[in-house]
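Below is one structure, written out as structure tokens; comments come after it.
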Amino acid sequence: MPKIALPMGRRVQRIGYPQAVQELKLQTQKLLGLSNDVTISVSELTCREPGCPDVETVVAILRDGEKPIIARIHKSIPEVTVDELKEALDLRLRT
Amino acid sequence: MKIDQPILVTILTGFLGSGKSTLLNELLAREAFADTAVIINEFGDISIDHDLVRVNKRELMVTTTGCLCCTAASDIRSSLFELYDAVESKAVPPFKRVIVETTGLADPAPIINQITPGGLPAVGYRDHVVARCFRLSGVVCAIDVTMIETTMERHFECMKQVAFADSVVLTKTDLGAEAAAPGLSGLLPKIRQINASAAIVDRHGNDFDLAAVFAPRRYVPSEQGADVEGWLALEVALAQQGQTHNDATGASRHAAAGIQSLALLESQPVSPRNLATFIELLKAVGGPQLLRLKGLVGMEDDPERPLVVHGVQHAIQQYRLPAWPSDDRRTRMVVIAHGLDEAVVKNLFTAITGISARAKAQLVLTVAGLSVLGFALVAGLLLLLHERATAQFEPPPVIQNATRPQR
Numbered sequence: 000m001p002k003i004a005l006p007m008g009r010r011v012q013r014i015g016y017p018q019a020v021q022e023l024k025l026q027t028q029k030l031l032g033l034s035n036d037v038t039i040s041v042s043e044l045t046c047r048e049p050g051c052p053d054v055e056t057v058v059a060i061l062r063d064g065e066k067p068i069i070a071r072i073h074k075s076i077p078e079v080t081v082d083e084l085k086e087a088l089d090l091r092l093r094t
Numbered sequence: 000m001k002i003d004q005p006i007l008v009t010i011l012t013g014f015l016g017s018g019k020s021t022l023l024n025e026l027l028a029r030e031a032f033a034d035t036a037v038i039i040n041e042f043g044d045i046s047i048d049h050d051l052v053r054v055n056k057r058e059l060m061v062t063t064t065g066c067l068c069c070t071a072a073s074d075i076r077s078s079l080f081e082l083y084d085a086v087e088s089k090a091v092p093p094f095k096r097v098i099v100e101t102t103g104l105a106d107p108a109p110i111i112n113q114i115t116p117g118g119l120p121a122v123g124y125r126d127h128v129v130a131r132c133f134r135l136s137g138v139v140c141a142i143d144v145t146m147i148e149t150t151m152e153r154h155f156e157c158m159k160q161v162a163f164a165d166s167v168v169l170t171k172t173d174l175g176a177e178a179a180a181p182g183l184s185g186l187l188p189k190i191r192q193i194n195a196s197a198a199i200v201d202r203h204g205n206d207f208d209l210a211a212v213f214a215p216r217r218y219v220p221s222e223q224g225a226d227v228e229g230w231l232a233l234e235v236a237l238a239q240q241g242q243t244h245n246d247a248t249g250a251s252r253h254a255a256a257g258i259q260s261l262a263l264l265e266s267q268p269v270s271p272r273n274l275a276t277f278i279e280l281l282k283a284v285g286g287p288q289l290l291r292l293k294g295l296v297g298m299e300d301d302p303e304r305p306l307v308v309h310g311v312q313h314a315i316q317q318y319r320l321p322a323w324p325s326d327d328r329r330t331r332m333v334v335i336a337h338g339l340d341e342a343v344v345k346n347l348f349t350a351i352t353g354i355s356a357r358a359k360a361q362l363v364l365t366v367a368g369l370s371v372l373g374f375a376l377v378a379g380l381l382l383l384l385h386e387r388a389t390a391q392f393e394p395p396p397v398i399q400n401a402t403r404p405q406r
């Protein structure tokens with residue numbers, strides 16, 4: 000399996016999707032200080048914006064009765080670093 | 000069609016080569032599952048599975064190519080409405096249940112959202128008919144125990160297929176211990192990490208009951224765990240933003256992610272030796288990028304009995320059918336690969352299978368002739384270079400016989 004950048008920017012053995020999804024959910028919860036009853040959904044979709052990479056990771060914070068907060072990172076789920084997640088969430092929360 | 004109660008729909012999913020069609024065939028052979036309508040969705044431009052799934056006269060089948068999760072033109076609501084309309088217009092007899100076999104690369108979320116209350120809102124007559132007449136009964140996921148760990152690690156869709164299932168069928172558990180990667184005891188906790196609630200049954204277990212796997216029940220997404228609820232909610236949110244998987248051109252997420260389907264067609268029968276060569280070369284060229292190979296092949300040695308080829312990554316299975324399943328007697332193969340050069344595969348197929356014996360003999364002679372000519376040219380060139388080099392670096396002539404001057 001190829002080696003790629005992973006959380007904290009270190010080069011470590013690539014983790015698979017099941018672990019990477021849980022990592023991103025955990026990091027999102029920590030970064031935003033969310034309680035356990037807030038649903039965090041991590042998914043991977045095609046990016047349709049011209050000039051962007053093929054795949055994008057979508058992190059959504061879903062609260063009952065509220066508009067979802069959706070952050071996007073132009074990488075596949077196992078490739079996303081904590082810094083990139085933080086940047087995407089910051090950007091989304093500012094706008 | 001007079002609907003007293005909604006017709007139950009069961010989704011049969013599982014990654015490429017997990018044994019979905021085998022399960023479906025076994026199910027449809029049973030008397031109790033007559034009056035079943037089948038929707039078979041295939042990834043690629045040509046469909047092969049519809050020829051390999053035996054459907055009785057009382058059963059009805061709709062096949063779609065592309066992918067139900069990402070092809071706007073073949074979404075599940077359209078296929079279900081097509082079935083409804085066929086019965087309504089008395090083109091086909093009524094049916095009691097529907098089984099949807101997804102592609103091996105399908106993301107179940109958008110499919111389930113289209114036939115679940117609270118999912119994608121119904122818009123227009125078609126959607127309302129489907130919402131009134133059909134209800135999701137269950138999601139069955141076939142899991143190839145020899146491959147599942149690797150495929151879940153590498154393919155997000157595979158992980159989602161496992162997570163959405165309310166019934167998991169472990170397949171290929173009859174293969175040798177060397178093939179069954181970690182053994183079932185090590186595998187089950189990993190499946191449970193993804194899906195804590197699904198019933199898990201062994202396809203080759205003594206107590207296996209296929210009818211029970213497809214028995215009527217109620218599929219409740221909220222019982223599938225927080226991940227499933229989140230994915231469904233995200234799909235709805237993205238749809239409301241106009242950002243579902245695909246755009247109006249029908250480009251799929253799989254193509255964008257580098258997974259492509261290559262269709263190979265050949266009208267002439269193929270020799271067993273040439274086919275074996277093609278498959279070996281394809282495996283060598285594709286390596287881990289080769290995800291799936293399936294096809295119906297007309298063979299030179301017995302053209303009336305086509306060969307079925309099933310390949311899942313490096314493992315290839317072949318068996319003969321007693322006869323062609325339809326009037327179409329062309330060899331047709333589908334190669335599903337990740338980042339494999341389409342031209343290379345097509346050239347390989349044409350070079351190996353698409354040339355007649357005579358043309359191949361001519362090709363061999365031509366190649367041999369060119370080789371001889373090339374050898375002669377290279378030899379001549381080397382000789383010429385050698386002569387020039389010798390001339391250039393030959394030491395200046397020494398007058399050996401010059402007499403030493405007298406002191």
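Protein chains in written order, with numbering that gives the first Met the number 0: chain A, 0 to 94; chain B, 0 to 406.
Idealized CB from N, CA, C, for every residue including glycine.
The ligand PLP heavy atom lying under 8 Å from the CB of Asn-205 of chain B: By its list of ligands, the structure shown contains no ligand whatsoever, and the ligand PLP lies outside what it can speak to.
By how many angstroms is the C-alpha of Ala-378 of chain B removed from the C-alpha of Glu-386 of chain B? 12 Å
Entirely enclosed beta strand (DSSP E) segments - the segment 119–165 of chain B, minimum 3 residues: 133–143
For Arg-291 of chain B, I'd like the list of residues in its chain whose CB is within less than 7 Å of its CB, leaving aside the five on either flank, ordered along the chain. Leu-15, Gly-16, Gly-103, Gly-310, Val-311 and Ile-335
Are three or more beta carbon pairs between the segment 81–91 of chain A and the segment 20–28 of chain A nearer than 8 Å? yes
Would Ile-72 of chain A count as contacting chain B if we go by Cβ distances under 9 Å? no
Could you please give the first and the last residue of the uninterrupted beta strand (DSSP E) stretch that includes Ile-111 of chain B? No beta strand (DSSP E) contains Ile-111 of chain B, which is instead part of the alpha helix (DSSP H) from 107–113.
When DSSP builds the beta bridges, which residues end up paired with Gln-317 of chain B? B:Val-308
Chain-ordered neighbours of Leu-61 of chain A on chain B, where CB pairs are closer than 8 Å: Gly-229, Ala-232, Leu-233 and Ala-236
Does DSSP classify Lys-345 of chain B as helix, strand or coil? helix
Closer than 8 Å by beta-carbon distance: list the chain B residues that pair up with Glu-15 of chain A, in chain order. In the sequence under discussion, the amino acid at residue 15 of chain A is Gly, which differs from the Glu named in the question. In chain order: Met-151, Glu-152 and Arg-153.
Sequence-distant residues of its chain with Cβ nearer than 7 Å to Ile-80 of chain B (five each side left out): Reading off the sequence shown, one finds Phe at residue 80 of chain B, where the question assumed Ile. These residues qualify, in order along the chain: Arg-125, Val-128 and Val-129.
Would you please verify whether the beta carbon of Asp-226 of chain B is less than 9 Å from any beta carbon of chain A? yes
Sequence ranges, beta strand (DSSP E) only - wholly within the segment 48–89 of chain A, length at least 3: 54–61 and 68–72
Whole angstroms are fine: how far does the CA of Leu-381 of chain B sit from the CA of Ala-375 of chain B? 10 Å
With which residues is Gly-185 of chain B paired in a DSSP beta bridge? Answer is none; Gly-185 of chain B lacks a bridge partner.
Which stretch, first to last residue, makes up the alpha helix (DSSP H) that contains Gly-294 of chain B? Looking at the DSSP string, Gly-294 of chain B is not in any alpha helix (DSSP H); the run it does join, the beta strand (DSSP E), is 289–296.
Under 9 Å, Cβ to Cβ, is there at least one residue of chain B near Pro-6 of chain A? Legend: pLDDT at Pro-6 of chain A = 47, less than 50; position of this residue unreliable, value from coordinates given subsequently. No, Pro-6 of chain A does not count as interfacial toward chain B.
Same chain, Cβ closer than 7 Å to Glu-228 of chain B, neighbours up to 5 away in sequence not counted: Pro-220 and Ser-221
When DSSP labels each residue in this structure, what does Asp-462 of chain B get in the three-state scheme? Given that chain B is displayed from residue 0 to residue 406, the structure contains no residue 462 of chain B and the question cannot be resolved.
Contact criterion: CB-CB distance below 9 Å. Does Thr-38 of chain A meet it with respect to chain D? Reference to chain D is not applicable here, since the protein chains of this structure are A and B.
Where the segment 272–299 of chain B meets chain A: residues whose CB sits under 9 Å from a CB there: none
Can you tell me which residues form a DSSP beta bridge with Asp-34 of chain B? DSSP, once it has assigned bridges, lists no residue as partnering Asp-34 of chain B.
Please classify Ile-14 of chain A: does DSSP put it in a helix, a strand, or coil? coil
DSSP three-state assignment for Arg-331 of chain B, whether helix, strand or coil: strand
In chain B, which residues lie less than 7 Å from Glu-43 of chain A when you measure between Cβ atoms? Phe-155
Rounded to the nearest angstrom, how far is the Cβ of Thr-150 of chain B from that of Ile-10 of chain B, given a contact under 8 Å? About 19 Å; that fails the 8 Å criterion.
Here's the rule: buried if 16 or more other CB atoms are within 10 angstroms of the residue's CB, otherwise exposed. What is Ile-98 of chain B? buried
Do you know offhand how far Asp-63 of chain A's Cα is from Gln-240 of chain B's? 18 Å
Cutoff 9 Å: Met-158 of chain B Cβ touching any chain A Cβ: yes
Member of B:Glu-148, B:Asn-205, B:Asn-24 and B:Phe-163 whose CA lies at the smallest distance from the CA of Leu-409 of chain B: With chain B covering only 0 through 406, there is no way to say anything about residue 409 of chain B.
For Pro-116 of chain B, count the other beta carbons within 10 Å of its own beta carbon; 16 or more makes it buried, fewer makes it exposed. Which is it? exposed
Relative to the C-alpha of Leu-7 of chain B, which candidate in B:Ala-214, B:Leu-295 and B:Arg-96 has its C-alpha closest? B:Arg-96
Just to confirm my understanding: we take Thr-38 of chain A, look at its own chain, exclude 5 residues before and 5 after, and list those with CB closer than 7 Å. What are they? Leu-61
Once DSSP output is grouped into helix, strand and coil, what is the label at Gln-259 of chain B? strand
Three-state secondary structure (DSSP) at Ala-19 of chain A? helix
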